[in-house]
Amino acid sequence: MRQSKYFIPTLKEVPADAIIPSHRLMLRSGLVRQLAAGIFSWLPLGHIVLKKIMNILRDEMDAIGGQEFLLPALNPIEIWEQTGRVEAMGDVMFHIKNREGLVLAPTHEEIITYHARQHIQSYRDLPQIWYQIQTKFRNEPRPKSGVLRGRQFLMKDAYSMDSTVEGLDVSYQKHYDAYCRIFERCGLKFFIVGASSGAMGGSASQEFMVESDAGEDVCAVSDSGYAANLEVATSALPGVGRIDSTNAIEEFATPSAKTINDLKNQFSLTENQLAKSVVYMVNSEPVLILMRGNDELNESKLESVFKTNQFRPAEAEELFEITGAHTGSIGPINLKTKIKIVADNLLKDANGLVSGANKDGFHFKNIDFSRDCKIDEYHDFRTICEGEPCPINGSPIRVVKAIELGHIFKLGTKYSTALHANILDAEGVEKPIIMGSYGIGVERVMACYLEQGFDDKGIIWNKALTPYHVHLLGLNLLRSPEVQQACEDLYKELTDAGFDVLFDDRDESPGIKFNDADLIGIPIQIIGGKKNIDNGQIEFKIRATNERGVVNITDIVEKVRNFYK
RNA sequence: CGGGGCAUGGCGCAGCCCGGUUAGCGCGUCUGUUUUGGGAGCAGAAGGUCGCAGGUUCGAAUCCUGCUGCCCCGACCA
1 MRQSKYFIPT LKEVPADAII PSHRLMLRSG LVRQLAAGIF SWLPLGHIVL KKIMNILRDE
61 MDAIGGQEFL LPALNPIEIW EQTGRVEAMG DVMFHIKNRE GLVLAPTHEE IITYHARQHI
121 QSYRDLPQIW YQIQTKFRNE PRPKSGVLRG RQFLMKDAYS MDSTVEGLDV SYQKHYDAYC
181 RIFERCGLKF FIVGASSGAM GGSASQEFMV ESDAGEDVCA VSDSGYAANL EVATSALPGV
241 GRIDSTNAIE EFATPSAKTI NDLKNQFSLT ENQLAKSVVY MVNSEPVLIL MRGNDELNES
301 KLESVFKTNQ FRPAEAEELF EITGAHTGSI GPINLKTKIK IVADNLLKDA NGLVSGANKD
361 GFHFKNIDFS RDCKIDEYHD FRTICEGEPC PINGSPIRVV KAIELGHIFK LGTKYSTALH
421 ANILDAEGVE KPIIMGSYGI GVERVMACYL EQGFDDKGII WNKALTPYHV HLLGLNLLRS
481 PEVQQACEDL YKELTDAGFD VLFDDRDESP GIKFNDADLI GIPIQIIGGK KNIDNGQIEF
541 KIRATNERGV VNITDIVEKV RNFYK
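Numbering (the working numbering), first residue to last: 1 to 565.
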């Protein structure tokens, strides 16, 4: 490709709107332009990179037996109503205004299941892996970070269908392995975390993450290999346990203690001696949740314990009505009304505790959970913290921000049941198809790569994703017919050898060409300048290492060939 | 949806508080000329309903009201 005829609008100045590295680089190197909030146009150079990523995705999906579909973005809303997801998605789903009954597909579980229902009728038809690489539409409340969170984005989505749970395990593992190969081929430093399956439904799920300050997810990782989304992460922190005491509970005045920290400071107490109370309305029923000290309640864990997303913290008025006290003085004993009481595992059967007396300005001490109050259930409710021992071998946990690249789910039968996609098993019994769902954000793969692959000059593409193999820079072509001829010959020779060559034949100064080349970041640059060419030689530069060298012109194709071997 | 910020030639910004020439600057673009291995020099030129709609005023980019768009933080994220 001749750069003089190619559209690569590089920018010297960075648009003020772009904050994170990948976004700045995409704009500066002419890969992408923004059309509206969360909506982007891909320019030719960026489109090539997207296609390279999609080809890797196809390659690996085909390798595990995936079959590619092309599905409509316009969907009849009825199908989505049958699975209850019109309501579950709420505002996130785009509804077509001037054609009743159509929505823009935010994903495609329903459509895949619909077609499965039409034609998959026997366990003999399974397993199947169906996938698509297509645009999805989600009305994100706040698009941000360039292409990382958009209202319209490309997603590779795959769906597995099996007749048995063992079959689902096999399909899931195939995707797990394929995803590892995909991200390795793309050159990403990723890690895999156990994740919450949230409202997608289903039993197990894992996320493929790339550590990045631009990420929206928070993960716990440790040197032992432990890695989990903070939504589900646990630590090996020991429980509070019991102390040697049989003292009876005793009310004491705490007039100026409104917070756990106040109690700690005013009464010389430790985290382990304090039981914090929070009240949530779960399915409209109040629940008292006891946490150790300042431990933070994890709402994802709350959701999985109570198996509902219909919950919220109780409001001040409700709180007083339910407990008889205001925030700061609430506890498990002497509650005004009888409500369910649950506690975090760290407090299991603990004694010697301090907690609110449900009377403003008073607390109880010497509380024994197994003697003085009835804890209905103990569960893991807490959000773990940096530095806690990991569950594998106790090595310290680091809490890092990460970008979610891919997510694999064991869906089970949620969609097949709702849409009656049933099969007959070997015994002739009708059963719903057992499904899995596996997504990868295509633009996110590029953004994640860029978050890791750049320096102060610009992008540093790797061999797998680079839009061109070779960047041939012809310097001052109009001043030297010899240089021009040598570069033209080389352009043809490299192209004939099977390389994608970007030939900078523009009438621009060498400085502009060098800077643009470093910004665009093609892995190997070949620089045709008069001095070297007059000597029958040519210069190359490896973008990643800044290694430079001069070789005979006749050897340069071999040099490139070796570089890409 | 809460909080904050921004909107001025293609891009990046100043001007606005304190209303008053012809709305400036850098980059880019065009013409000429000199330059030619790390974003060149000189000379000239084009390009703007100051986001939109009202209002105040003799007079509004500037003050007031409403709206829209975009960015950041938070909430949300199947």
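Using N, Cα and C, we set each Cβ at its ideal position, and we do this for glycine too.
Grouping DSSP H, G and I as helix and E and B as strand, with all else coil, what is residue i?
i: Lys97; result: coil
i: Leu57; result: helix
i: Cys487; result: helix
i: Ile339; result: coil
i: Val210; result: strand
i: Asn75; result: strand
i: Asp217; result: strand
i: Met1; result: coil
i: Pro21; result: helix
i: Gly387; result: coil
i: Val240; result: coil
i: Lys374; result: coil
i: Asp169; result: helix
i: Asp504; result: strand
i: Leu148; result: helix
i: Gly90; result: helix
i: Phe183; result: helix
i: Lys174; result: helix
i: Lys51; result: helix
i: Ile8; result: coil
i: Leu27; result: helix
i: Pro143; result: coil
i: Thr495; result: helix
i: Asp534; result: helix
i: Glu482; result: helix
i: Thr323; result: helix
What residue range is occupied by the uninterrupted beta strand (DSSP E) comprising residue i?
i: Trp130; result: Gln128 to Phe137
i: Arg548; result: Arg548 to Asn552
i: Glu539; result: Gln537 to Ile542
i: Ala36; result: Val32 to Ala36
i: Gly84; result: Per DSSP, Gly84 belongs to no beta strand (DSSP E) and is neither H nor E.
i: Ile330; result: Looking at the DSSP string, Ile330 is not in any beta strand (DSSP E), and its letter there is neither H nor E.
i: Gly65; result: No beta strand (DSSP E) contains Gly65, which DSSP labels as neither H nor E.
i: Leu102; result: Leu102 to Leu104
i: Gly194; result: Phe190 to Gly194
Considering residue i, what are the terminal residues of the alpha helix (DSSP H) in which it resides?
i: His119; result: Glu109 to His119
i: Arg561; result: Ile556 to Tyr564
i: Gly511; result: Pro510 to Ile520
i: Ile526; result: That residue, Ile526, is in no alpha helix (DSSP H); its beta strand (DSSP E) goes Ile524 to Gly528.
Since residue i and residue j should fall inside the 8 Å C-beta cutoff, what is the C-beta to C-beta distance between them, to a whole number of angstroms?
i: Ala581; j: Val210; result: What is shown of the chain runs 1 to 565, which leaves residue 581 out entirely.
i: Leu154; j: Gln128; result: Going by Cβ atoms, the distance from Leu154 to Gln128 rounds to 23 Å, so no, they are not a contact pair.
i: Phe364; j: Ala253; result: Wrong, their Cβ atoms sit about 11 Å apart, outside the cutoff.
i: Ile111; j: Ile79; result: 7 Å
i: Ile542; j: Pro523; result: 7 Å
i: Val86; j: Phe94; result: 12 Å between Cβ atoms; not a contact.
i: Arg151; j: Ile39; result: 6 Å
i: Val49; j: Leu230; result: Actually they are not in contact, since the Cβ atoms of Val49 and Leu230 sit about 31 Å apart, beyond 8 Å.
i: Met54; j: Met435; result: At roughly 24 Å, the Cβ-Cβ gap does not stay under 8 Å, so Met54 and Met435 are not in contact.
i: Ile289; j: Lys174; result: Actually they do not touch by this definition, with Cβ atoms about 40 Å apart.
i: Tyr449; j: Gly187; result: 6 Å
i: Val551; j: Phe540; result: 7 Å
i: Glu81; j: Tyr415; result: Not confirmed; about 13 Å, so no contact.
i: Asp380; j: Gly458; result: About 46 Å; that fails the 8 Å criterion.
i: Ile533; j: Ala486; result: 5 Å
i: Asp344; j: Arg292; result: 6 Å
State the beta-bridge partners of residue i as determined by DSSP.
i: His379; result: Asp344
i: Asn229; result: Cys219
i: Met161; result: Gln128 and Met435
i: Trp42; result: Val32
i: Phe364; result: Glu251 and Ser355
i: Ser122; result: Leu424
i: Met155; result: Gln134 and Gly441
i: Ser205; result: Phe409
Item to check | Every unbroken alpha helix (DSSP H) inside the stretch 243 to 320 [4 residues or more] | outcome: Along the length of the stretch 243 to 320, whole alpha helix (DSSP H) runs at least 4 residues long occupy 260 to 267 and 299 to 306, reported in chain order.
Next on the checklist: What ranges does the alpha helix (DSSP H) occupy inside the stretch 391 to 477, keeping only unbroken runs of at least 4 residues that lie completely in it?
Outcome noted: The DSSP assignment places 414 to 418 and 442 to 452 as complete runs of the alpha helix (DSSP H) inside the stretch 391 to 477, in order along the chain (cut-off: 4 residues).
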